[in-house]
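Protein chains in written order, with full-length UniProt numbering: chain R, 1 to 790; chain A, 1 to 790.
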């Protein structure tokens, strides 16, 4: 049975509840004195928007049941049986389309509601009119099997007129804006950067979708370099070879100050404005125009949606190399136009200016991955008009995405990708033949420069990477952020959000964090969590300035249980607690392993790195056994939760003057774990009234497995001091290294054992030169810090 | 590179072309005298509907290329270079969004168009104004990578006003009906059947979606018992055990006349009409309301769409058992209402009548599988108003679906399903608690009766099955039918359409057949074939009565090549040719095999019948080797095509007094075959203007395989004479059996070998009692008829 977890319902007094029922015309002033049964009948009939006549409503009532004593609901309304909670619940489960469960439960709606985790209570209680009004209000806020609150279900079924005016219920904005008559317009914002060196600010294309309304509307802006398309073939052609050896770096002494990047304001030449128009002229029709589901949800609720791919993409000027200050500035400039603080033109040449005169100048940025990354980056500029950011699976530091601790480290699943490859993927002027013929040579030169700067040879942190580390400027974030991340996201790894979160927490504010058990996915179409409702509450407050307790209501941290399906908990903190440090061995003990495989095995794993990882995670790794050391803790006597960073301190040697160490923390013990990709439930969520349906998804349990990787980390043995300095390393010299694995929040079940795998090459993430390097670890001199919760 | 195959383009004279260009406002009367280059510039600018101003159009022209001699298309339009076909082609590939291929081809649009199989010619030719008009007309009919003709792409990008009036181009209706303002209404048709025995015709619910227009509109009606939902759990609970032995049938003498079903007209009691209204009152909003993609395509083109689940479903009266005369009648009655010949009411009780006063009374029925089946069945009633049927993967004879030659045979993939199971799946009153409480007992009695009638014990054909064999009434089909079927559809197997097709061909008319290489799928979203265009031409003729050469243009038979991807051929006939008969051995030769497996293997294959089939198809079947006889033909010296039915004549014995024989014809030889399920191309097809997008699909080649099953067949050795008579069978007695395998149309490559596998239990399709029965076949006395094409 499905299970709902709602955190976005705000508490209302009974009087407020009744007033809200009247405001949405569910209740008339003069109905407050009606007998409970008469009022209940009116409520039910009003919950049938497709049945506008008494006759059609009666058909529905005849087919459904109020209680087992009456032949059907229509008969119930003509007999003397009083209205109990049980009876209301019975009708509600039928309105919620839970008939099958209702019949299976021998027509007991209370039992069905409890089974789906809805707060049904005391079924026998006979209701007064007052009780009924309060109860009906609450029911309207309950979640249903189609992924929406019941009031939103009624809205999507036609309860409200689509009159393009704002309405709220329980603090959340309702879908009362017509999505069948949207305005789609394109403008060209003059940015503050001049990356093509023509003396003028690079123009960037912005596509806006907004309702036809006389109200000034807020804007959800998604900065997506992917928005104008992808160059898949060019991307693949540029992938770097990862089957290369780790090479020695000449030892040096470098301080952070020597490589630190300083921000400087951008100021490009401005075009002279030739005139002003009230409305944009260019439009767009491509399917790609509404890629982000959560944007559709808000579009029907009166929020405009804007997309820009930024500089260095189709219909924009300039060049960009992934996350650069110039790219971020161009996205910030879009916010400035939306907030009335920058010029945009109707096309690329006429210099006719157009203002966002329809905007209420309050903007949120949203999006996953690269999109959320740029939202975070723009937040660090402190730009006026940006009121909040919802950043999902976002990068906060590009070094951590393509590098780590002095190593070239691929995002999980993407060996060979790098800053230049990602820039190539989105350099969509490549799809504009005349432009491409002109720009091809300069783009190649630009890319060559990027390749040099990103430096795959040393893998070190540098001024280039420092410019793309937004954590440096967290103190300039003046708004409340919402962060969403998967604890099994090995593409954008959890440290990306962890460090941002720690920094935000340190400086105060009312930030919110959602940690789910998925990989690199969106959760806004998840069935068991009311994520969209919570974001509605949040943006209704932040962008429409409605006083709705959003800040106090949305939990600071919502964590998805890693053992129980469809279960979400409210937590107070992620990390920051006291860790338990334990030596890896109580008595002297050396372990060793050799990195290097037969040609055959090496070929096999280079072409199938997922197979390598699953083989490596097995309790006995067979042909891989010699390539790893495995440390096992005693079985847990009680279930405990890891919360934060696991840190390793290792005393070790390499047989060469180069070396790396990789580590996976593993949960050993037979169990069903949640799949990292949610499954389709078969239902679709309506994002308005018959608008932009998306599949409703839920995390389900996988088959029993003997193990589950909890977290992972990597380090270059020449980067023991820092990511920017090369330490010396001599063959067989004992060195001490400390490094953190990716932060986690993970419950280990009683009886399970924690294990640590130490090894060299990671076929999915590191370079893989198949060098035969022998490593030794002195376990007694090595330790692990485990952030167990008390 | 993708490849287009267009058969839906009609030939026009130059004058007609020019007149049509003017009718769609692509050309003005006074522009016919313009210089070619001036006119070409106008055409290109008109092909940019999102760019309404000269300034925005110039931006586009600056980004694209006309020829390599000019910096960009805008520069080209200001210089003296004449317009050649090459230049038109260059711009066209950019308008078609084939930029990547264009750049890869060093800016040669001609080469790109030829590569995608579009009829580009003589690139060097300098064009006159007349040439240009003719060429531009043709280009508007060409297919593009988004699965639409270019004119439809322009329409979906806003070229035409959505003014709810009909427009045709090249004989096909354009999407000029507003899909953002559709009428959705529900009525209750009073059918002519009274299956719940209440003295009144069963009401059936009909949902209509139609454009807001003053034109009378035709209707696409889909009869879908699935439309009101599915009872998955109840379906699964009712599945029959297939792990049961084959039992002996007492020999008898039965003639067809003894079991023949005779149709009788239905006439149920009629409700008194209490009044009449102009418009329906009830509406509907569920996502399920637009399930069929092709319906969406036509909705934007001014065709109404109607759905009904028929009797024995939610919001309808009565009971039905899969394909019954009563179910068919109730669907026929819906056509009668749409054609103005039957009463419908606004709800189930008020008796207020409502007419389809918006209908032009010309109806087509469409749908796949059960839906297409009912469309075919209704066609055999000859009902007035039904003008054509598009039946995809449809059943023509239910006996052939759940039985065959005296055996219980499951549709591929669905062991244990049967007539009662399918009825249970769609008995959606089960989801209406009050109704279910009242009807549960009668439904169980009805189902018990069905179970008795369908008779899983003998598997024989009977009066019950004869009533559900629509092939009996093909002579009553007075309309032209379109049939679509997958030659790898082992769910609804190819004989279903073959027999219908043979019967239709025998009686004349202008029927059309599409045979693809997929399994049980729709092809309307396939990239390489212009199926939707052809259906547009067809229905524009049949339902809007436009004289557009549809009958002559749509090929009689379109066959997808089974060896070359994205290749479709026009054929004249399927089957009916002369077959080559060959003995299975030139000299005396007995082969034998024993049906029966170890418990372990038996368990394995009962839980994974796909594994059984793939093991069985291997050249050496290992643990299954003793369960089969394999006959191999000499390798083919040239590529040859099988076209029709393969028929086996076997002289054989069973070691028991029961027995069955199964046969698979196999193509042995290493080759890449097409996957039976098309793959997503990544593009979506717009079904109007930003309406109901669906993924664009294409068949792709699978990995190399050593074998491919071509066709299959099964027979009960006690049904040598007919499916309705039990023949005697004595242990080890030689008997002669003849039976056809499923019809095929399959090209066997030179060097490949045809093979025949003869065996007993088919783990996917027959019952599987694991009886140890030994079979012998006398190959010299056995033969195979192979329908090779000359």
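Where a beta carbon is used, it is the ideal one built from N, C-alpha and C, also for glycine.
Model, not experiment: these values are computed from the prediction.
Top-ranked residue by Cα proximity to residue i, from the options
i             : options                    : result
residue 506/R : 438/R, 489/R, 476/R        : 476/R
residue 346/A : 35/A, 207/A, 678/A         : 207/A
residue 792/R : 142/R, 511/R, 60/R, 30/R   : The displayed coordinates of chain R run from 1 to 790. Any statement about residue 792/R would go beyond what the structure contains.
residue 752/R : 789/R, 671/R, 270/R        : 671/R
residue 239/R : 422/R, 455/R, 541/R        : 422/R
residue 322/A : 344/A, 470/A, 178/A        : 470/A
residue 117/A : 326/A, 134/A, 658/A, 566/A : 566/A
residue 349/A : 542/A, 625/A, 272/A, 701/A : 272/A
residue 339/R : 280/R, 37/R, 584/R, 361/R  : 361/R
residue 352/R : 558/R, 187/R, 727/R        : 187/R
Below-8 Å beta-carbon distance, residue i vs any chain A residue
i             : result
residue 51/R  : yes
residue 347/R : yes
residue 640/R : no
residue 559/R : no
residue 434/R : yes
residue 94/R  : yes
residue 752/R : no
residue 284/R : yes
Residue-chain proximity (residue i, chain R), Cβ-Cβ < 8 Å
i             : result
residue 209/A : no
residue 190/A : no
residue 466/A : no
residue 55/A  : yes
Cα-Cα separation, residue i to residue j
i             : j             : result
residue 720/R : residue 660/R : 10 Å
residue 297/A : residue 203/A : 29 Å
residue 481/A : residue 168/A : 23 Å
residue 754/A : residue 585/A : 14 Å
residue 464/R : residue 123/A : 50 Å
residue 801/R : residue 153/A : What the structure shows of chain R is the stretch from 1 to 790, and residue 801/R is not part of that stretch, so it cannot be assessed.
residue 90/A  : residue 317/R : 24 Å
residue 788/R : residue 636/R : 12 Å
residue 299/A : residue 176/A : 10 Å
residue 399/R : residue 368/R : 18 Å
As assigned by DSSP and simplified to three states, the class of residue i
i             : result
residue 251/A : coil
residue 733/R : coil
residue 490/A : coil
residue 420/A : helix
residue 390/R : strand
residue 16/R  : helix
residue 432/R : coil
residue 626/A : helix
May I ask you to verify whether the stretch 153–161 of chain R touches the stretch 101–109 of chain R, counting CB pairs closer than 8 Å and requiring at least 3? no
Take every Cβ of the stretch 21–28 of chain A, pair it with every Cβ of the stretch 306–322 of chain R, and state whether three or more of those distances are shorter than 8 Å. no
Measuring CB atoms only, is the stretch 372–383 of chain R touching the stretch 448–456 of chain R, in the sense that at least three cross pairs come out at less than 8 Å? no
How about the stretch 765–774 of chain R and the stretch 679–693 of chain R: do they share at least three Cβ pairs that are nearer than 8 Å? no
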